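Chains as they are written, first to last, in my numbering: chain A, 1 to 319; chain B, 1001 to 1319.
Listed below in structure tokens is the structure:
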């Protein structure tokens, strides 16, 4: 029988929400301000009001809702629903978010890390549909990860599993936003690639990229770089090689450690398409054990911008 | 009621076996030659004969045996009991070892990777007793690993999970036995440390180590190095710093990725004791995220030489 599920994607600035059929079809999406400065209890109260509005507007009875899945931007124990903390958000330290929202709404609530649940969404409806051992990687401002083993999302001892972006790939390498050095995301995230591009542009401007950004360093982004590479621009193609090289080092480590069936790559960098994936598959041969490389395929993510709330809903549907 | 369990540790040269009470007490251990050149079927036949002898000599009825756990030196899917392959052993490619040995013995059989199951043994009776999220690391000839998450041993898609020794820690670094470069085990295994010691001894012999090995490079091993370090030998203490530095890089990566409660370190290097562990705990602060470092403790393994067969038996008892 048809049931419904609510997905909530809590960000530092906005809360995105959606009501979905349990087959994954999205009925309608919503967005409200997080107003994180008012504290965690206030955020949950406004989520409760939003959920009531969503059910009302879509003529869904509460009895037909399987539950609410919520992704939050911090480490969280998915089994207990207790949030460890959320950076830049007030009052989320050791906060039993699932239990509190269950009391407010009368619905079953599961809470997961926002980046981890993206992988769960890809496992439910996206590129990893039907797979049991999945590694999800998001190459954006940083590098986030989600690990599904034997069909279960791994959240670790206090919800911090999947922090793959801070794996060290270069000894005492580039400074990372976390304050440490040589982290994977300092190289292979979209930001890492853009940073390298700007660094090179300071000494060499013989490239389409320079024309497109019209001399404005702040306009250099992953899309501009990949667009130029697709047109055969040498400078941009060298940057693709840079991205592939460091992406391969970290990804090989993860494949050696976890032996996944499928790796789903999302985020800005993944939009490069074949020009990236073809080179990446070749590069992985250098650093990955054959037995594990033979077992895995590397694919782009499918869910795009709805990944966060679909993944949150997947906490209920797959959990 | 008291039951029994059989643990079998299949190596390339010898098969070690033990019959244990289900509380972990070892009644008696056995050892036979593997004679791997005769093929997998022959090995299983001789294991069957050995098991019958063990039950007979210890007056144990087959009806009181919970099952046989077997560790083998290659990737294996613990859920299906199918071995992927065993290097240097004939006929183990895609070999359904558990099913075959069950038919031969009439007993339940579970098969795991020999290095993975050591961690399971530590979880059953050793240093990780009572923990659900465990990372086991063996620093010996190479670096092996075992990963337990939510109480379950992770074997991966085709049994190769936990191949942590081939994580790349230095870009295009030292050549590894696997043929690739910069692998963790090329630096932080006992062999890696000995290799660095010998390299340094070629240009500097102002150390106790040189006296102890009496000018014979082949006598340089982890124990000799740590013994000299404990006596305050500067050259040896520098080698401990080398070991700690590279051990920390790889271990930090694993802690960031998996967020374990406990890391159990075994093998020759772990015998160094406090001189290693104190420095390691300090070094980890440089490369590990605080949230995950706060959640974990690093301890030496407890089971020693019996780890292989105890861990194999744990496949049955904890499985």
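C-beta atoms are modelled at their ideal positions from N, C-alpha and C, and glycine is treated no differently.
Here the structure is a predicted model, which is why all the values come from computation and not from measurement.
>> Considering only the alpha carbon of each residue, which of A:123, A:178, A:261, A:203 lies closest to residue 312 (chain A)?
In response: A:123
> Along chain B, in chain order, which residues have C-beta atoms closer than 7 angstroms to that of residue 287 (chain A)?
Replying inline: 1168, 1180
> Can you list, in chain order, the residues of the segment 52–83 of chain A whose Cβ is nearer than 7 angstroms to any Cβ on chain B?
Replying inline: 75
> In terms of residues, what are the limits of the alpha helix (DSSP H) holding residue 1031 (chain B)?
Replying inline: Counting along the chain, residue 1031 (chain B) falls outside any alpha helix (DSSP H), though it belongs to the beta strand (DSSP E) covering 1026–1033.
>> For a minimum of 4 consecutive residues, which ranges assigned as the alpha helix (DSSP H) are wholly contained in the segment 220–264 of chain A?
In response: 222–230, 234–258
> What are the complete beta strand (DSSP E) segments, minimum 3 residues, inside the segment 28–82 of chain A?
Replying inline: 65–72
> In terms of DSSP beta bridges, what is residue 86 (chain A) paired with?
Replying inline: Paired residues: none, contrary to the question.
> DSSP three-state call for residue 2 (chain A): helix, strand or coil?
Replying inline: coil
> Can a CB atom of chain A be found closer than 8 angstroms to the CB of residue 1160 (chain B)?
Replying inline: yes
> What distance in whole Å lies between the Cβ atoms of residue 1012 (chain B) and residue 1036 (chain B), which are believed to be in contact at a cut-off of 8 angstroms?
Replying inline: 6 angstroms
>> Using the Cβ count rule (16 or more neighbours within 10 Å means buried), how would you classify residue 1323 (chain B)?
In response: Nothing can be reported for residue 1323 (chain B): it is not among the residues displayed for chain B, which extend from 1001 to 1319.
> DSSP three-state call for residue 1109 (chain B): helix, strand or coil?
Replying inline: strand
>> Short of 6 angstroms in beta carbon distance, which residues of its chain neighbour residue 1235 (chain B), apart from the five on each side in sequence? Order them along the chain.
In response: 1207
> Using a beta-carbon distance cut-off of less than 8 angstroms, what residues from the segment 1248–1278 of chain B approach chain A?
Replying inline: 1249, 1252, 1253, 1254, 1256, 1257, 1258, 1259, 1260, 1261
> Quick one: what's got a C-beta closer than 6 angstroms to residue 131 (chain A)'s C-beta in the same chain, skipping five residues either side?
Replying inline: 261, 262
>> Using CA atoms only, rank isn't needed, just tell me which of A:181, A:264, A:42 is closest to residue 129 (chain A).
In response: A:264
> Between the C-alpha atoms of residue 1060 (chain B) and residue 1006 (chain B), what's the straight-line distance to the nearest angstrom?
Replying inline: 11 angstroms
> Just how far apart, CA to CA, sit residue 1280 (chain B) and residue 254 (chain A)?
Replying inline: 23 angstroms
>> Going by DSSP, what residue range makes up the beta strand (DSSP E) through residue 1138 (chain B)?
In response: 1134–1139
> Does the distance from the C-beta atom of residue 151 (chain A) to that of residue 314 (chain A) stay below 8 angstroms?
Replying inline: no
> Quick one: what does DSSP say residue 216 (chain A) is sitting in, helix, strand or coil?
Replying inline: coil
>> For a test of the three-state rule: what should DSSP assign to residue 1094 (chain B), helix, strand or coil?
In response: coil
>> By alpha-carbon positions, which one of A:243, A:66, A:108, A:117 ends up nearest to residue 73 (chain A)?
In response: A:117
> Whose C-alpha, out of A:203, A:156, A:199, A:121, is nearest the C-alpha of residue 319 (chain A)?
Replying inline: A:121
> Tell me which same chain residues have a C-beta within less than 7 angstroms of the C-beta of residue 173 (chain A), skipping the five on either side of it?
Replying inline: 181, 182, 186
>> Could you pull the DSSP bridge partners for residue 1299 (chain B) from this structure?
In response: B:1264
> Does the segment 141–151 of chain A come close enough to the segment 160–168 of chain A that 3 or more CB-CB pairs lie under 8 angstroms?
Replying inline: yes
> So what does residue 1019 (chain B) bridge to, in DSSP terms?
Replying inline: B:1006, B:1028
>> What are the residues in the segment 104–122 of chain A lying within 8 angstroms of chain B by C-beta distance?
In response: none
> Under three-state DSSP, which class holds residue 170 (chain A)?
Replying inline: coil
>> Closest to residue 1238 (chain B) by C-alpha separation, out of B:1204, B:1109, B:1112, would be which residue?
In response: B:1204
> Of all Cβ atoms in chain A, is any one closer than 8 angstroms to the Cβ of residue 1177 (chain B)?
Replying inline: no
> Taking residue 136 (chain A) as the reference, which of A:220, A:200, A:301, A:65 has the closest Cα?
Replying inline: A:301
> Does the separation of the CB atoms of residue 1139 (chain B) and residue 1097 (chain B) fall below 8 angstroms?
Replying inline: no
>> Using 8 angstroms for Cβ pairs, my map puts residue 226 (chain A) next to residue 272 (chain A). What's the rounded Cβ distance?
In response: 4 angstroms
>> Distance check for residue 245 (chain A) and residue 353 (chain A), CA to CA, integer angstroms please.
In response: Because chain A is modelled from 1 through 319, residue 353 (chain A) falls outside the range shown and cannot be assessed.
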